[in-house]
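I have placed the structure first, in the form of structure tokens, so that the comments after it can refer back to it.
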Amino acid sequence: MKTLVIVTHPDIEKSVINKRWIDELKKYPEKYTVHQLYEIYPDGKIDVAQEQKMMESYDKIVFQFPFYWFSSPPLLKQWLDEVLLYGWAYGSTSGYKLGGKKMSLAVTAGIDEEGYSASGEYKYTMKELFRPYELTFDYIKADYREPFVYYGIERDSSDEWINRSVPMYLEFLDNL
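Sequential numbering from 3 applies to the sequence shown in my numbering.
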């Protein structure tokens, strides 16, 4: 079964790593479906029924985005609010349409991993900062999996550093 990768990047053309990941995923259309929210919904008007139908047809779903302001780009939050509705994603009569589906995050972070620690610059680990996503996916009875985080893009945005991430990302997706 193919993996649905929902990409949320507000300016993908200026991206160095998320764009590289998308380019790599598109080489394997038999394995991955890339769904770019800002490309599909530049006006922010989400086709909820279409998104729900698409989500129902995949068993593995990954949300890919750059981590900034300690969260995701705003369109992903809007998407979660509008698509994961009562009566469809959760609730006693919903049937939990996403229940049991493997879900995770694939995130690029500017600073090194040490910066996301109790003694680091940002005081909290990524696991702690991702708790709202974990709780959301648990609430809808999805099978939340540990995220893939690639750190240090602000420190090193060389082609070598970016290309180093590609096989690790593909392995993460394949092992989901």
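Note that CB positions come from ideal geometry on N, CA and C, so glycine has one too.
### Task
Give the secondary structure of Ser-167 by DSSP, where H, G and I count as helix, E and B as strand, and everything else as coil.
helix
### Task
Closer than 7 Å by C-beta to Tyr-30: which residues in its own chain qualify, once you throw out the five before and the five after it? Chain order, please.
none
### Query
Which whole-angstrom value describes the C-beta separation of Thr-5 and Leu-178, a residue pair presumed to lie in contact below a C-beta threshold of 8 Å?
7 Å
#### Entry: Beta-carbon proximity of Pro-149 to Tyr-126, cut-off 9 Å
no
### Task
Going by CA-CA distance only, name the one from Leu-172, Gln-54, Gly-122 and Phe-132 that's closest to Tyr-70.
Phe-132
### Query
Alpha carbon to alpha carbon, how far is Thr-95 from Ser-106?
25 Å
### Task
Report the residue from Met-3, Leu-175 and Lys-103 whose alpha carbon sits nearest the alpha carbon of Val-109.
Leu-175
### Message
For the structure I just gave you, are there three or more beta carbon pairs, one from the stretch 112-128 and one from the stretch 146-164, closer than 8 Å?
### Response
yes
#### Entry: Spatial distance of Met-3 from Asn-20 (CA atoms)
23 Å
### Task
Give the range of the alpha helix (DSSP H) segment to which Ala-108 is assigned.
It is not in any alpha helix (DSSP H) - Ala-108 instead sits in the beta strand (DSSP E) that spans 104-110.
### Cβ contact (3+ pairs, closer than 8 Å) linking the stretch 115-122 and the stretch 87-94
no
### Task
Output the distance between the C-alpha atoms of Lys-99 and Ser-160, rounded to the nearest integer angstrom.
41 Å
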